[in-house]
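Only one structure is covered here, and it is reproduced in the block below.
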Amino acid sequence: MVITEVSANDVLRLCRGALGLSDSSDGTIDDAFLAASLRRAAGILCPCSSSTLIGAVLDSLNYLSAEKGGIAERLAAAAETLVIGGDLLELNQVTVDDPAVKGTWLFAAPPSFVERPDGSVFIIGTVPDEATPLPASLSARIVYEGFARALSPLPSENIPSVLRGLGLLELSKSAWLKAPKPESATELRDSMLRRLSEQPPSGTVPDLSILDPGRNVDYYGGRWINPTNESGNYVGRRPQAYGAPLWGFASLVDGRVGKFMDFPLKGTRWRGCDAAWHLQMAIDHGRGTPQRYRRRLTAGGACLDFFSPLPLWAQRRFVVLGRPALREQCMFSYWIPERELATEENFLRDRLWLVRRED
Amino acid sequence: MPIPLHEWQQRLERHFSQLASERSASGLPLFALEHGLTEDELEEIGGLLRSRLAGDFHLGSQWLVWVVYATEFGYDYYGDEYWPSFEERTPGWRERGTREQLRNWFSKFQATYHGVKPSGQWAGHFSIIAWPITHAILPRYLQGQLAKTLYDLRYRLARLENPSAEAVGQLLATNAWDASSRFRVFLEQEELAGRIVLALLTDRELEGQSPIYPPTLRRLVSDLEEVQNAREWLKETRRFVADRLKGTAATHVGTSVDSEFRHSEVKENAPAPSGIRPSLVLRRSGTSTWSVVLEIPSFAGLARLYPGLRAFLKTTRCRVAGAGDTWLPAGWLLSSAQRRLLKSWPGANAPLVTFERPNGTLDQLLNSETRLSGGPIWLCRVGADGLAWEIAGRIVRPGRKYVLLSEVDFPHGYRFLAPCGLDCEGINAAVLSIPDAISSHDENGLRQLGLQVARTVRLWPAGLLARGWDGEGHSEWLTTETPCFGIVHDHPLHTYGLRLNNGAETLVEARQVGSPVFVKLPQLPVGTHTLSVRATRHSDGAVMPPSPMAEGVVTLEVREPEPWVPGTTSHAGLAISLDPYDPSLDTFWEGDVEVSILGPAGHHVTCSVTLATANGKPLLSEVIGTFELPVTTEDWRKKLSQFLNNERHTWTYLEASSGKFSIRADELGEYALRLERDVKPVRWICRSHHGVMTVRLVDDTGNNEAAHCRFFSLPHPTDPVNLDTENALAGLQVQPPGGLFEAKNGDFFDAMVVSTPQIEGGLKGLVIDPDLRDLDNRAIPDIDVLKLVRSWSEAHCVGPLVNMRRSRIVNRLLNHLYSRLCGARWAEAEASYLSNSDSGFASQQLQRMVGGLPGFSAILRRDYERMHAGADLGTQWFAEVAGRYQVCSEKGLCEFALQLASHPVNLLLLPIPIDGLLLEIKEKGVLLRGARFVALLSATNRPGLADGTLPRWKW
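Taken in order, these protein sequences are the chains called A and B.
Okay, so the first sequence: first residue is 1 according to the numbering used here, each after it adds one.
Okay, so the second sequence: first residue is 1 according to the numbering used here, each after it adds one.
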């Protein structure tokens, strides 16, 4: 029989095999499956927009899961996590088809790895026609940490050397964890205010939404409003005719936009959202209502719970130094081993101006 | 007690006689490496042979022992020089033995035991050392490359229909184009390479006869597995291919394909998909405006299918129809899929991709595979991501939105159609919004537009996203994938009849409206397949009339997976352009490589180079420069020039046999390029010891005639001195300040400019003023001056200040040539302009001296940048101006003038009567001066060749 009728579960099982994942006969679509599907799609479609990538995977999962709207949301979250984890590169001011036009696109990262302090390595990147750039003996040993992939060495095995020999690019921690130059919250806010003041008048910006600094810093979703009669400087997003709304910094008078500065700033490598979130942290700190995180001590370390998004360069630290953890009444969590905990809490305080919430 | 040499000779004679007799039925050749001796035994006979040389004994009686001994050197050969190591470890050989003798012994081996005979171009060029190296079967330094190549080709190996030695060898030879040149030469012996691979991967005996003496094979495998990573590569390759090569039906990790299906269901005579069909996609450029983008797949897969095509692709520029007149760099389509914005509509009548030069195979494919689908309308479906991909079948569905493109005006009166803007000339666009319910009147209207309405059955790739899926029936898959499809309908149906190609129909019961069924296809062989679905409405089997309403058809184009090649930057945000596409180490070190890198702002790239000796020992690993993206060719040249001017690097380069150039951009990836020496059968090599430079001639041609060697000193670059060949072979000390060494033997030629570190006469000695009086004293013809320019400009360079010193000579020779052709005053004006190109006076002086009608030089000055659009368009412009101002009406002569003015050495390669043309051009002084004027403006505006004397136009 050449053509065989199969169930939705069978289809998912076949896909798991093709994606190099272990069998799961209960038909659930887990994070590793979504991440692997997005990686594979990125190998085929990139460079493309995030919506193209998510839309394509969503179409292929049509009717395969009872989870209706949930899959789309989970795919969007998975795509964001793959960007943070380095499997997808969101690059701005890059040319793909017209040398005269520069845009922001998602690219599939080449096969690479970063060594972790515990000796394991964090695998990054995709190849177009294969589930993994690794030979079977190594890919069978991959451990899936949510959306991420890690590989631990066998006794007396030099795993970085093996991976280098296979052609994977070793990324140094300093290169991969590159962050903006250190500065105080005041310096960042003042520098952005100066740049905003140098902008020409923006004219009307319809359907602008802004982050209201006056609202509860622990409920990110509730801080977004459409301006009515606000005056001052706000992190915001403005819709565009096509594509996702643009991030920026707005100067408002009685709810009307006087100036608007788009993020990312020219010549910077960070995403628009990273610049915006970082600035909002500086603004909140300056108002005396800094953003907060929570620490839950666990065996061998602690879970750090966050209530607002962190810039990519900050989250990457936690992916490498720790691992994603199940969230508990927060936006997302990372588990950090005890030996790194003090350094990372200092990082949160010094670079993101976060304070610990004592529950 | 040690065995005397004559007994070793007898033992080897017996061994090879027996082996030859066993192998005679199979016709398989014998290799001297199949001697069956242990390491200790080899050491023993080495000692005995060396003692033999020390005495005054006849060597020929132990010829077979010598063959084995020489073969062992071939096995340890690292791709550099064979003889120095052989002669150094065999004292007395130079005095008592000859290379010719060794060749005769190998020939005797070949005749006596049906030994292998070296063949191919390499064996022709290196006619003696080809014997011991070929008889070494697979020298050590090629072993890692073989393992890596097998790993890269594991999918293809696993699917060879007929895994014979010839087929395997051919597969390797065709596909290992990323390998080193010596490895490619090894692969030219296709059957031999195939036999080794079969033995390595399967351990099986071929027709009851082992292709290689088992202990020798075990030695090869054991040595190969010692190479870093080779064991892992071989293991993984064996996992894929072992079963297949043993002849079982399994095709991939335990999944079998129905044999009946394999033979009957692939479309008869259907060509394998070339995989180069471009896709059309529209992207919003404004609220109601769209841009047209063409996505062209990589041609790398095609280059694998057609031997020889890769060489063409990496040396030939291409152009995309509708995307402007710019020629895209050679190799542009080899690295990854590319996208181009269409500024004008190319139509369906011409191929979308064209190359600068014709190529029979490729032109045919471009003609058939890279056209737009037939017009005059094209339908693109707007997806959730806002992109609109072309629907080749022109089928529309209720509730969907499309953009319709038309070469003719849209008819009036279509209520679903709203005109929209398109940033592309020659085509109209309108947004087509299909309502949820379509009346028969509307359906007729759509049909008149050339569209069909589908309503009943929808098929889509389920689970795994299909490559190239257009939403309505076209998809691409890999041979390693198991395609699954979902089928759903919106009208009551009873069953689906599914058919793959011409196979039997499979009936699947349909579910209720809106509930899908899923079907799985087997892994499919390479080719174009069709899955059709026929809907049956009632349980009585009544079939709906055939129409798009009742049928769904999916085309599956199946290809082999493309293995990932480390060091390539496919779609990682870096667009790297190298010209030439794959330079040699020498070309790179002479600064003749142009690099440009496009990528996202705010990121940095680090370019570095490593050098290694012949046996892989690292010599240098240094950063050339770190750049902020994007990197222009000017940025690159500046940093490279600083790097190359470092004297320490110069000396290390002299020791190096190979290198690697890499561009690293951390998370964006790494691009790596192997750099190899141009190893010619006749070549000069240069060494420096305590600041004293020596050059030595290597002659591996095996010709009986000695090479002819000449020397031109830097101060007297036109006055040759003949060199004694024996001395050149032994090594010559280079007298300061150095010069050009030339050697020729038969058809083989090499030239090298050496500049010594010693400076005579203090700082003044840095600059050498060449004396060209000899050119006039000896009344040397113009064409010979041109040949001198070629000798100096094409020789490779070594030593400090060499590029500066060589440039000065080339510039002076060029100035002399143009003085002869354009007049002495013109040549003076050129020199004055080149010494200060910013001077308005100097350029005006040049303009005045062009001559002819005043408007001629004024127009040339105003529009000279048009030459940068490419040679064709530039020539067209220049000829048109020359014609308009009555300077010359012959386009051919105008082109000759431009070539002579910009790349004169190139003319020596063209099949043209150059002597006659030089005489003719002298009569057309205004034309040549005009061409030189344009060339000089262009060269000084954009840093040109030969210190700005010549522009960088591409011919």
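Built from N, CA and C at the ideal position, the CB exists for glycine as well.
query	result
So, helix, strand or coil for A/Met192, using DSSP?	helix
Rounded to the nearest angstrom, how far is the Cβ of B/Arg637 from that of B/Gly275, given a contact under 8 Å?	No, B/Arg637 and B/Gly275 are not in contact; Cβ-Cβ is about 36 Å, not under 8 Å.
Cα-Cα, which of B/Leu192, B/Gly892, B/Ser164 and B/Leu138 is closest to B/Val221?	B/Leu138
Would you mind giving the Cβ-Cβ distance between B/Glu100 and B/Arg94, rounded to the nearest angstrom? I have them listed as a contact below 8 Å.	Actually they do not touch by this definition, with Cβ atoms about 13 Å apart.
Which same chain residues end up closer than 7 Å to A/Ala282 when comparing Cβ atoms and leaving out the 5 residues on each side of it in sequence?	Ala185, Leu188, Arg189 and Trp353
Could you tell me the boundaries of the beta strand (DSSP E) in which A/Ile336 lies?	Phe332 to Pro337
Could you spell out where the beta strand (DSSP E) holding B/Trp684 opens and where it closes?	Val682 to His689
Assuming B/Lys314 and B/Gly286 form a contact by the criterion Cβ under 8 Å, report the distance between their Cβ atoms to the nearest whole angstrom.	With a Cβ gap of about 39 Å, B/Lys314 and B/Gly286 do not count as contacting.
Any beta carbon of chain B sitting closer than 8 Å to that of A/Ala66?	no
Exposed or buried, which one is A/Trp224 when buried takes at least 16 other CB atoms within 10 Å?	exposed
How long is the line joining the alpha carbons of B/Gln10 and B/Ala20, rounded to whole angstroms?	15 Å
How far does the alpha helix (DSSP H) with B/Trp955 in it reach, from first residue to last?	It is not in any alpha helix (DSSP H) - B/Trp955 carries neither H nor E in the DSSP assignment.
Contact between the region 244-254 of chain A and the region 287-303 of chain A is defined here as three or more beta-carbon pairs at a separation below 8 Å; is this criterion met?	no
Pull up the DSSP beta-bridge partners for B/His816, would you.	According to DSSP, B/His816 bridges with nothing at all.
Could you tell me the alpha carbon to alpha carbon distance between A/Leu193 and A/Ala275, rounded to whole angstroms?	13 Å
Check whether the region 493-500 of chain B and the region 78-89 of chain A touch, using three or more Cβ-Cβ pairs below 8 Å as the test.	no
Skipping 5 residues on each side, what residues in its chain have a beta carbon closer than 7 Å to that of B/Asp635?	Phe627
For B/Asp747, which three-state DSSP category applies?	coil
So B/Glu190 packs on B/Glu166, CB below 8 Å; how close in whole Å?	6 Å
With H, G and I counted as helix, E and B as strand and the rest as coil, what does DSSP make of B/Ser344?	strand
To which residues does DSSP link B/Val623 through a beta bridge?	B/Ser608
Using C-beta distances below 8 Å, list every residue in its chain close to B/Ile921, excluding the 5 sequence neighbours before and after it, in chain order.	Leu821, Leu893, Phe896, Ala897, Leu900, Leu927 and Leu928
Drop a sphere of 10 angstroms on the beta-carbon of A/Arg40, count the other beta-carbons inside from all chains shown, and report buried for 16 or more, exposed for fewer.	buried
Distance cutoff 8 Å, beta carbons only. Does A/Pro201 sit that close to anything in chain B?	no
How far does the alpha helix (DSSP H) with B/Met867 in it reach, from first residue to last?	First-last for B/Met867: undefined, no H or E at that position.
For chain A, find out if any of its Cβ atoms is closer than 8 Å to the Cβ of B/Thr506; answer yes or no.	yes
Can you find a C-beta in chain A that's less than 8 Å from the C-beta of B/His263?	Reliability of the predicted coordinates at B/His263 is poor, the pLDDT of 32 falling under 50, and no value is obtained from them.
Given this structure, state the Cα-to-Cα distance separating B/Glu232 from B/Gly599, to the nearest angstrom.	34 Å
Buried or exposed: which applies to A/Val143, given that a residue is buried once 16 or more other Cβ atoms fall within 10 Å of its Cβ?	exposed
Looking at the strands, I want to know which residues DSSP matches up with B/Asp579.	B/Glu594
Taking the alpha-carbon positions, what's the B/Pro346 to A/His278 distance?	47 Å
Using a Cβ-Cβ distance under 8 Å, would A/Ile3 count as near chain B?	yes
Please confirm if A/Cys273 has its CB atom under 8 Å from at least one CB of chain C.	No chain C appears in this structure, whose protein chains are A and B.
Is the separation between the beta-carbon of B/Gly360 and that of B/Arg458 shorter than 8 Å?	no
Going along the chain, which residues of its own chain have a beta-carbon closer than 7 Å to the beta-carbon of B/Val227, five neighbours each way excluded?	Gln143, Gly144 and Ala147
So is B/Ser26 buried or exposed if we call it buried at 16+ other beta carbons inside 10 Å?	exposed
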